[in-house]
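Per the numbering used here, the very first residue in the sequence shown carries number 155; after that it's consecutive.
Beneath this line is the structure, given in structure tokens, with notes to follow.
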Amino acid sequence: MRANRFAILLLLPGLFAADALQDKVKSAVARVDATIAKGPFQPNWPSLEKYEVPEWYKDAKFGIFIHWGVYSVPAFANEWYPRNMYNAKDPVFAHHVAAFGPQSKFGYKDFIPRFKAEKYNPDAWADLFRRAGAKFVVPVAEHHDGFAMYDSSFSDWCAAKMGPKRDLIGDLAKSVRKSGLHFGVSSHRAEHFWFFDQGRTFDSDVRDPKYAAFYGPAKPQKTPDGKAENQPDTEYLNDWLARTSEIVDKYQPELVWFDWWIEQKTFEPYRQRFAAYYYDKGAEWKRGVVLNYKNKSYPDKAAVLDIERGKLDAMRKEVWQTDTSIGLKSWGYIDGEEFRTPDSLVDDLVDIVSKNGVLLLNIGPRSDGVIPEQAQRILVEMGDWLKVNGEAIYGTRPWKTFGEGPTQVLTGGFTDRKQKPFTGQDIRFTSKGNTVYAIALDWPGAQLKVKSVTAKPKSVELLGYGGKLTWKQTAEGLAVDLPAKNPGKFAYAFRITM
């Protein structure tokens, strides 16, 4: 009997803490609903479909995504290391045991003290992103691993209280805004519901009640028959809404990005409530805000569609976004990453913008806070291109057609490794008023031929080239004679005044 009493006494602090957290969650959810009740947007699709994409985002075209967290410490495989290290069928499992020991002795939580961010310089980051030509910055506020990179009042498992013991998101927000860029955040908290579920299948620290606040709830991702996604319960959904709305309140992001799992059916009323709350706060701040979603989590007009590691093969009426990464293997930092070329990324930017899209390009800093040198060089090269050709990108709108040329673009997500390289005959169009920009995605050679320009222009100029061009209108379209020496690199923007 005494042993039972002692066990109960040991559990009491945890029970009291859980009750206090639930009270805090209820208060946060009540605050969300009270704001919605007074705001212009309500949590239903007809109301949310009245949303309008802000002009700053339509003009920006190019942003930086940042995957940085505890998973940057092992720097192996990809940012799903925390899940896969508990999956006995995954190679990461064996690597972890060999490198760090069994998961019962060294779990994911044990990487947190090694995540120090000791060289993190948010001013230097912001300066690099500005030099890259980006107009907005979106760090991951919380990934699937459940470690908040911000100062969370709902969890002690955050960067402000562990590891770096610094509000990494708050510090970056200040630096980004000081540099004149727009600031956003991403939340991948939804997937945490099941992210550590494999750790419950064997002897690991995920099963230890002491760490439930970090690893939990660690529910199975699939239903017992394996045919459907396991749906989160009300307690988890309220916690998700409380945490996500706190990020909005603390950092006033102009963009919030969600990953795919919020598309689950039980999330629907919470998706609606968050969007209404966020749009109402944007109206209160007198600032246009953007909400990114994947798949069919929101109707087309209620938020901005995002396509992961892929593009569209045609122009879209509604503004949309591609999120892709400088690294082909991982979103977070890993040793032995395979990097994209600046040429291919500039081509993607042009292709996406011509189809009414925006590029959100990810980089993965090391655990100490240093952005890999190769990633920095790529960003600077993109920035150098944009210094010359930016007028054909920023503030433009789609033309009557997105482009012409022989190369077919694959549509949909996860197609980045399957796309064919563009040629000098692949041309993409953007426009500003009476000006059309024809952008050749490689050097065309002796002559540029533009079939889509059928009316005689007033002038034709090559951005970044000081000389005059000779051109003529033919039955096949516009023909422009080009200098013998290639005057630039990557892609070539021709200003056509109509």
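Positions of the beta carbon are idealized from the N, C-alpha and C atoms, including for glycine.
Short of 7 angstroms in beta carbon distance, which residues of its chain neighbour residue i, apart from the five on each side in sequence? Order them along the chain.
i, result
"residue 568", "462, 463 and 464"
"residue 420", "385, 386 and 391"
"residue 558", "581, 605 and 606"
"residue 375", "348, 351, 383 and 384"
"residue 623", "614, 615, 616, 634 and 635"
"residue 315", "none"
"residue 638", "none"
"residue 542", "617, 618 and 642"
What is the C-beta distance between residue i and residue j, in whole angstroms, given that I count them as a contact (C-beta under 8 angstroms)?
i, j, result
"residue 258", "residue 351", "Incorrect: roughly 17 angstroms between the Cβ atoms, too far for contact."
"residue 232", "residue 485", "7 angstroms"
"residue 630", "residue 603", "7 angstroms"
"residue 576", "residue 467", "The pair is not a contact, with the Cβ atoms about 13 angstroms apart (cut-off 8 angstroms)."
"residue 432", "residue 445", "6 angstroms"
"residue 219", "residue 570", "No, residue 219 and residue 570 are not in contact; Cβ-Cβ is about 14 angstroms, not under 8 angstroms."
"residue 309", "residue 372", "The Cβ separation is near 15 angstroms, so there is no contact."
Is it the case that the CB of residue i approaches a heavy atom of the ligand GDP more closely than 8 angstroms?
i, result
"residue 257", "Because no ligand of any kind appears in the structure shown, any question about the ligand GDP cannot be addressed here."
Just mark residue i as buried or exposed, buried being the case when its beta carbon has 16 or more other beta carbons within 10 Å.
i, result
"residue 519", "buried"
"residue 425", "buried"
"residue 209", "exposed"
"residue 397", "buried"
"residue 560", "exposed"
"residue 627", "exposed"
"residue 188", "exposed"
"residue 181", "exposed"
"residue 427", "buried"
"residue 423", "exposed"
"residue 162", "Caution applies to residue 162, whose pLDDT of 47 falls short of 50 and renders its modelled position unreliable; the model cannot decide the point."
"residue 651", "exposed"
"residue 353", "buried"
"residue 562", "exposed"
"residue 378", "exposed"
"residue 173", "exposed"
Taking Cβ positions, are residue i and residue j nearer each other than 9 angstroms?
i, j, result
"residue 268", "residue 227", "yes"
"residue 480", "residue 529", "yes"
"residue 584", "residue 550", "yes"
"residue 513", "residue 211", "no"
"residue 516", "residue 474", "no"
"residue 317", "residue 271", "yes"
"residue 193", "residue 400", "no"
"residue 594", "residue 556", "no"
"residue 395", "residue 224", "no"
"residue 246", "residue 265", "no"
"residue 370", "residue 290", "no"
"residue 524", "residue 273", "yes"
"residue 403", "residue 364", "no"
"residue 215", "residue 507", "yes"
"residue 504", "residue 645", "yes"
"residue 600", "residue 632", "no"
"residue 178", "residue 307", "yes"
"residue 292", "residue 472", "no"
"residue 355", "residue 240", "yes"
"residue 256", "residue 337", "no"
"residue 429", "residue 195", "yes"
Skipping 5 residues on each side, what residues in its chain have a beta carbon closer than 6 angstroms to that of residue i?
i, result
"residue 521", "226, 227 and 269"
"residue 244", "238"
"residue 491", "481 and 483"
"residue 640", "597"
"residue 260", "254"
"residue 305", "314 and 321"
"residue 566", "464"
"residue 325", "276"
"residue 586", "550"
"residue 297", "223 and 342"
"residue 412", "447"
"residue 312", "302 and 306"
"residue 169", "Only weak support is given to the placement of residue 169: the predicted model assigns it a pLDDT of 49, under 50, and the question is left unresolved by the model."
With a CB to CB cut of under 8 angstroms and the five nearest residues on each side skipped, what residues in its chain are close to residue i?
i, result
"residue 544", "287"
"residue 572", "564"
"residue 498", "575"
"residue 532", "480, 493, 494, 495, 496 and 499"
"residue 643", "497 and 539"
"residue 469", "508, 509, 510, 552, 555 and 556"
"residue 361", "353 and 354"
Determine, for residue i, whether the minimum Cβ-Cβ distance to residues of chain B falls below 9 angstroms.
i, result
"residue 515", "The question asks about chain B, but that chain is absent: this structure has only one protein chain."
Does the pairing of the stretch 322 to 340 with the stretch 274 to 285 give three or more beta-carbon distances under 8 angstroms? yes
Would you check if there are 3 or more beta carbon pairs closer than 8 angstroms linking the stretch 449 to 460 to the stretch 231 to 246? no
Check whether the stretch 243 to 259 and the stretch 337 to 344 are in contact - that is, three or more C-beta pairs closer than 8 angstroms. The stretch 243 to 259 is not in contact with the stretch 337 to 344.
Mind the definition here: the stretch 200 to 207 touches the stretch 441 to 454 only if three or more C-beta pairs lie below 8 angstroms; say whether that holds. yes
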